[in-house]
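In mature numbering (1 follows the signal peptide of the UniProt record, and there is no 0), the protein residues as written are -31 to -1, 1 to 540.
Ideal placement from N, C-alpha and C gives every residue a C-beta, glycine not left out.
See the structure below:
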């Protein structure tokens, strides 16, 4: 099969006419509309909020606004108004229309490549903790954009549940305690964060009701005044004052100038029936998924099983992740997607894969190493009309920069750490990939967040997860489970393994391989590293277009909940 892509940001619109003909989904031939709506999020309270919006006549975009805001309250370790994210949108129609809402954070205008360099050395801690680590948030702008352009309900209605949760509080559970424990010292170092997210300087006890009245007030300003409620006026002045007083470099112009960007999704024909609709730059996730699936199709992955299939997946990921470093913010750097997804290029990559031997990454052309925070969140929602949203949101590290701007309830991200802060030190070859993701004022850092749809004449499926650099490999394994015909609940539960070119090792969960499989992989030359705890928290949904049946599932590794909602007539 010859792959094809439709990509944003450049000259590429068609790779080959023959392949793009495969992308013309016959959605007009659908026998049914969804029989119900569905929502799957990483937190039960957020799932209930999304369900209630759908049940009260809101569409998928209203539900996405409500869920995003609710997660900002109940999952401060994973997302929030001080962060950003990507929203993959499906607008029902014949054919459906797809858009990608880029709400990724932007570097402050005063940021430069040497922002974290002191005495000739990059000090990474400056890009992790405190306001100097924070890029300009995009989540508030995305909430307004979704509500005003695609929602059915007023923003005040969609934000009401989150405001109530922030004011009335929610009960601390074991997951909150675990994740706050991982960032306990950083939270203690900031008086406002300690006051809000700890109890007497320590982890809140189970059942403790965590209230955030300042965040409720900020959400109410956003609900009442829209974009200007957050990015201009008294709240913006308070944000800038608080950031600069603690050593940050935000300005009022940074906030007033922030806008989301609506981009064309990356689209790739997996085979003659299935199309991937995924994340374009500044995400590298869509590229990694498209390349991996394109390589596996050429290697006839369905005809292999057990160790051989795992070996082919690992080798495909090795090569796809190698190319990640060539991407950056498409508003600053033209992404070479046409070359990286050209059928001839994928043919060459596939031909270089030995079915019996691991290819040491050192034998491949060099590329830029990178690091990326793992602590994000993901949700999926669909309404009974066929509108859908897959959204991955982040603060980067757990609890972001662990700095809350006094009087606002806004916990800031530390997404500046996702830039290539040390070009000279990180890459001895001085590759373009490092330069592409170098710090620059107004620039969005590269990400692996990968909200994804797989669509065909017969069905639509949605995938996504937190997990930093491991996001694309997690989504790939779930997509393969779907393509293999496994049940929906198995997609987020599939045992996980991961390879990302550098470091040259396979990371795996305890139940991913048995002893004989581990031995066989080692015999092929793979270096293996057990991950002591499970990772990721995937949320998926599925619509069978022939019957109208809708299903959703949450990752059994987390506390998330998948709910379905009976169809409600439009109001």
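Just to confirm, is the Cβ distance from residue i to residue j under 8 angstroms?
i, j, result
"residue 249", "residue 233", "yes"
"residue 378", "residue 108", "no"
"residue 490", "residue 280", "yes"
"residue 46", "residue 368", "yes"
"residue 330", "residue 473", "yes"
"residue 79", "residue 220", "yes"
"residue 442", "residue 253", "no"
"residue 433", "residue 347", "yes"
"residue 510", "residue 431", "yes"
"residue 344", "residue 364", "yes"
"residue 64", "residue 212", "no"
"residue 34", "residue 112", "yes"
"residue 389", "residue 512", "no"
"residue 2", "residue 353", "yes"
For the candidate residues the options, whose alpha-carbon lies nearest to that of residue i?
i, options, result
"residue 295", "227, 377, 308", "308"
"residue 25", "15, 126, 407", "126"
"residue 32", "55, 7, 46, 11", "7"
"residue 459", "438, 347, 508", "508"
"residue 237", "224, 220, 256", "256"
"residue 161", "467, 404, 373, 448", "373"
"residue 520", "535, 223, 63, 100", "535"
"residue 349", "494, 207, 37", "37"
"residue 19", "310, 136, 76, 130", "130"
"residue 43", "145, 62, 123, 3", "145"
"residue 209", "447, 48, 77, 62", "77"
"residue 81", "70, 152, 96", "96"
"residue 74", "55, 89, 64", "55"
"residue 306", "88, 235, 270", "235"
"residue 48", "268, 89, 148, 270", "148"
"residue 165", "181, 158, 151", "181"
"residue 263", "151, 311, 98", "311"
By Cβ distance, which residues of its chain are closer than 7 angstroms to residue i, with the 5 residues on each side in sequence left out?
i, result
"residue 500", "476, 477, 478"
"residue 30", "115, 119, 120, 356, 358"
"residue 261", "285, 286, 289, 445"
"residue -1", "Unreliable positioning characterises residue -1 in this predicted model, as indicated by a pLDDT of 46, which lies under 50. The coordinate reading is nonetheless provided below. Once the five neighbours on either side are set aside, the close Cβ partners of residue -1 are 514, 515."
"residue 92", "85"
"residue 268", "281, 319, 322"
"residue 143", "175"
Kindly list the residues whose CB is nearer than 8 angstroms to the CB of residue i, restricted to its own chain and excluding five residues on each side of it in sequence; keep chain order.
i, result
"residue 110", "72, 196, 199, 200, 227, 228, 229"
"residue 277", "324"
"residue 243", "423, 424, 425, 452"
Mind checking who residue i pairs with in its DSSP beta bridge?
i, result
"residue 68", "58"
"residue 555", "Look at the range of the chain in this structure, -31 to 540, and you will see that residue 555 is not part of it."
"residue 351", "7, 357"
"residue 429", "424, 512"
"residue 53", "363"
"residue 519", "512"
"residue 171", "168"
"residue 231", "70"
"residue 501", "Partner(s): none; residue 501 has no beta bridge."
"residue 247", "235"
"residue 477", "466, 499"
"residue 90", "87"
"residue 113", "Answer by DSSP bridge pairing: none, since residue 113 is not bridged."
"residue 407", "389"
By Cβ distance below 6 angstroms, which residues in the same chain neighbour residue i in space, the five residues on each side in sequence not counted?
i, result
"residue 13", "530"
"residue 301", "412"
"residue 173", "141"
"residue 543", "Absent from the model: residue 543. The displayed extent of the chain is -31 to 540, so no value can be given."
"residue 522", "457, 458, 461, 509, 531"
"residue 486", "276"
"residue 185", "132, 135, 136"
"residue 380", "45, 49, 51, 369, 373"
"residue 124", "116, 192"
"residue 541", "Residue 541 lies beyond the stretch modelled for the chain, which goes from -31 to 540, so this question has no answer here."
With residue i and residue j assumed to form a contact (beta carbons below 8 angstroms), what rounded beta-carbon distance in angstroms separates them?
i, j, result
"residue 370", "residue 102", "4 angstroms"
"residue 414", "residue 387", "4 angstroms"
"residue 190", "residue 204", "6 angstroms"
"residue 527", "residue 11", "6 angstroms"
"residue 224", "residue 408", "With a Cβ gap of about 19 angstroms, residue 224 and residue 408 do not count as contacting."
"residue 470", "residue 336", "6 angstroms"
"residue 297", "residue 406", "5 angstroms"
"residue 495", "residue 283", "7 angstroms"
"residue 167", "residue 423", "Actually they are not in contact, since the Cβ atoms of residue 167 and residue 423 sit about 42 angstroms apart, beyond 8 angstroms."
"residue 467", "residue 439", "5 angstroms"
"residue 53", "residue 207", "Actually they do not touch by this definition, with Cβ atoms about 20 angstroms apart."
Measuring only from the beta carbon, is residue i closer than 7 angstroms to any heavy atom that is part of the ligand SAH?
i, result
"residue 1", "No copy of the ligand SAH appears in this structure; indeed no ligand is present at all."
Residue i CB to nearest chain B CB: under 8 angstroms?
i, result
"residue 522", "Considering every chain present, this structure includes no chain B. It has just one protein chain."
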